[in-house]
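As structure tokens, the structure follows; a few thoughts come after it.
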Amino acid sequence: MSPTPPATGLPRPAAVINEEIRLLWPHPAVRLSTEQRARYELLVVEWAAAVRGEIVTAA
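Numbering of the sequence shown is given in the numbering used here, commencing with residue -8 and proceeding in unit increments.
Okay, here's the thing in structure tokens:
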């Protein structure tokens, strides 16, 4: 699991980030640790930015 986006500066695809979220939190009934929750929150922000970028690119 990569803690930061790649060093190239290019954003990761939303699907890649989504898969990382799914691996981090496999089931909604599972409670995340404080560290996992912090990672989840960063991933959600990164995912939302990737989705916005993909929508703009598609338009």
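Don't be surprised by glycine CBs; every beta carbon is placed ideally from N, CA and C. From a predicted model like this one, the values you see are computed outputs, not experimental measurements.
Boundaries of the alpha helix (DSSP H) in which L14 is found, first to last residue: A5 to L15
Residue environment, I8, which counts as buried when at least 16 other CB atoms sit within 10 Å: buried
Beta-carbon proximity of E80 to A5, cut-off 7 Å: Shown here, the chain extends from -8 to 50; a query on residue 80 therefore has no answer.
Residue of P2, E11 and R3 minimising C-alpha distance to R30: E11
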